Structure formats: C-alpha cells, structure tokens
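**Student:**
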Amino acid sequence: MSAAKPLPKAGVTHNIAISAGGSIPLSSQALQISAYDDFDFTNNSGITLSIVFNTQFPTITLAPGTKSSANGGNGAPLNLTVSYNIYNQANPTTSLATGCVQFGNGPLTIKMTAQNLNPPPFRIPNLGSIQIVADATYTVGWTFASGGPANVWTPVVNPVQPGTNPVQNAGPGASNVALNYKFPATLLTQGGGTVKTGSGS
11 MSAAKPLPKA GVTHNIAISA GGSIPLSSQA LQISAYDDFD FTNNSGITLS IVFNTQFPTI
71 TLAPGTKSSA NGGNGAPLNL TVSYNIYNQA NPTTSLATGC VQFGNGPLTI KMTAQNLNPP
131 PFRIPNLGSI QIVADATYTV GWTFASGGPA NVWTPVVNPV QPGTNPVQNA GPGASNVALN
191 YKFPATLLTQ GGGTVKTGSG S
C-alpha cells in the first residue's frame with residue numbers, strides 16, 4: 011500500500027478592507043504574510059471595484075458589501091510579492107489605490123518590455139525586493155519623487171539584461187517613498203513606472 015499523500019498545509023487568511031474612495035488601511039497597504047497564508051478583500055467602498063494584479067492572480071470584480079474568495083497557493087507555499095491596483099469599475103482609467111502582498115520573502119516581478127512601457131504603479135514592503143524581466147538590454151534610471159538619483163538597490167543591476175535578472179533588495183533609504191524608473195524602449199520611446207515602498211505615495 012502506498013503512503014498517504016500529505017494534506018496541504020493550512021495557513022491564515024488575511025482580510026484587506028477597502029473603504030470609501032477605494033482606499034486601503036495603512037496596515038494593509040504592504041501586507042507581509044507567510045508562504046502558506048492567503049488573503050481576501052472586503053468591499054466597503056460603496057461602488058463596484060476592479061482589483062488588477064501585476065501577476066499570479068486574475069482580476070477581481072467586487073460588488074459593494076461583498077467579500078472576494080481567498081488568494082494564495084491553495085496549500086502550496088508561495089515566495090513572491092504581488093502588487094495590485096484598485097479601480098472604480100465604472101471609470102477604470104485611474105488607480106484609486108495601490109497595494110501589495112508579500113508571501114514569504116519573495117520579490118516583485120517587474121516586466122520591462124516594448125509592450126509594457128508604462129504600467130500602473132507597483133508597491134513593495136519596506137526593505138522588499140524586485141526582480142526585473144526584460145525583453146532587451148536596457149539602461150535603467152531610478153529617481154526619487156524629488157528628481158534626485160535613487161541609488162537604493164542591492165545589487166545594482168544596470169543595464170538589465172534580456173530575460174530574468176537577479177533579485178534586487180531595497181535598502182533603508184528607500185522606506186515609505188515612491189521610486190520612479192525610466193528605460194529607453196526605443197530611440198524615440200521612453201518606458202517607465204513607479205515602485206512605491208511601504209506606505210509611500
């Protein structure tokens with residue numbers, strides 16, 4: 011008789027309550043959970059929301075006063091950071107809020123491609139990490155909102171190479187800030203975006 015298969019490891023479900031205007035409590039903006047945990051949303055905003063992830067999970071449409079199903083690894087461990095943006099489904103042009111969930115200590119994947127020039131904002135926890143996936147070699151410039159250079163990543167990966175690049179960790183100088191990046195997608199076209207850390211806006 012073959013040995014019984016082990017049952018999936020149970021984790022904790024963390025709730026993210028979305029308030030009026032699509033806002034997220036500061037305590038939930040950059041949620042850090044274990045590899046086996048999962049999370050869900052409650053929509054207290056009074057409007058129908060679309061919650062769009064950068065990777066891993068499908069878009070959630072959430073009516074007022076309802077709760078989403080749980081998002082996680084279904085008993086399998088995850089080691090990554092997912093970022094999401096919340097939109098008013100009736101007017102989905104501007105993000106109402108940006109949040110993230112870090113499973114374990116995994117990085118946020120950022121795609122730098124000619125087809126993904128100006129993605130919505132991302133978020134990572136303070137002292138979190140990113141991993142850039144590129145379709146070509148790009149020289150990347152990072153700046154703070156003030157315009158000053160943001161030399162906050164360890165190791166420095168510049169230029170980024172085609173494919174999956176090394177994981178880069180944010181230093182203490184990148185806590186609760188917005189970090190803007192630019193890369194030349196073509197001779198005439200600049201790509202770029204923003205990575206918010208902690209509660210940075």
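Here the sequence shown is numbered in our numbering, starting from 11 and rising by one per residue. Virtual Cβ for every residue (Gly too), placed ideally from N, Cα, C. All values reported here derive from a predicted model rather than from experimental measurement.
Beta-carbon within less than 6 angstroms of alanine 146's beta-carbon, same chain only, minus the 5 sequence neighbours each way: which residues are those?
**Tutor:** To locate residue 146, count along the sequence shown from 1; it is residue 136. Result list for alanine 146: Pro172, in chain order.
**Student:** I'd like the span of the alpha helix (DSSP H) that includes glutamine 39, first residue to last.
**Tutor:** For the purposes of this step, residue 39 is identified with residue 29 of the sequence shown, where counting begins at 1. Here the alpha helix (DSSP H) through glutamine 39 covers 36-39.
**Student:** Would you kindly check if the distance between the Cβ of proline 131 and the Cβ of threonine 103 is under 8 angstroms?
**Tutor:** Within the sequence shown, numbered from 1, the residue matching residue 103 stands at position 93. Within the sequence shown, numbered from 1, the residue matching residue 131 stands at position 121. Going by C-beta atoms, threonine 103 is not nearer than 8 angstroms to proline 131.
**Student:** Just confirm the distance between the C-beta atoms of isoleucine 134 and glycine 32, as a whole number of angstroms; I'd bet it's less than 8 angstroms.
**Tutor:** Walking along the sequence shown from the start, residue 134 turns up at place 124. Walking along the sequence shown from the start, residue 32 turns up at place 22. At roughly 20 angstroms, the Cβ-Cβ gap does not stay under 8 angstroms, so isoleucine 134 and glycine 32 are not in contact.
**Student:** Output the distance between the C-alpha atoms of asparagine 54 and threonine 149, rounded to the nearest integer angstrom.
**Tutor:** Walking along the sequence shown from the start, residue 54 turns up at place 44. Walking along the sequence shown from the start, residue 149 turns up at place 139. Cα to Cα, the separation comes out at about 42 angstroms.
**Student:** Can you tell me which of Ser105, Ile140, Leu106 puts its alpha carbon nearest to the alpha carbon of lysine 121?
**Tutor:** Residue 121 sits at position 111 when you count from the first residue of the sequence shown. Answer by Cα proximity: Ile140.
**Student:** In the structure shown, what three-state DSSP assignment does proline 182 receive?
**Tutor:** In the sequence shown, counting from the first residue as 1, residue 182 sits at position 172. Correct three-state label for proline 182: helix.
**Student:** Would you report the Cα separation of asparagine 64 and valine 111, rounded to the nearest angstrom?
**Tutor:** Position 54 of the sequence shown, counted from the first residue, corresponds to residue 64. Position 101 of the sequence shown, counted from the first residue, corresponds to residue 111. So the alpha carbons of these two residues sit roughly 11 angstroms apart.
**Student:** Out of Gly151, Asp47, His24, Ala30, which has the shortest C-alpha to C-alpha gap to serine 38?
**Tutor:** If you number the sequence shown from 1, residue 38 lands on position 28. The shortest Cα separation from serine 38 among Gly151, Asp47, His24, Ala30 belongs to His24.
**Student:** Which of helix, strand or coil does DSSP assign to glycine 210?
**Tutor:** As a first step, residue 210 is located in the sequence shown; it is residue number 200 there, counting from the start. DSSP places glycine 210 in coil when its eight states are reduced to three.
**Student:** Please report the Cβ distance between alanine 155 and alanine 188, rounded to the nearest whole angstrom; I am assuming they are in contact, meaning their Cβ atoms lie under 8 angstroms.
**Tutor:** Here residue 155 refers to the residue found at position 145 when the sequence shown is read from its first residue. Here residue 188 refers to the residue found at position 178 when the sequence shown is read from its first residue. Confirmed, about 5 angstroms.
**Student:** Could you pull the start and end residues of the beta strand (DSSP E) that lysine 192 belongs to?
**Tutor:** For the purposes of this step, residue 192 is taken as residue 182 along the sequence shown, with counting starting at 1. Its beta strand (DSSP E) spans residues 188-194.
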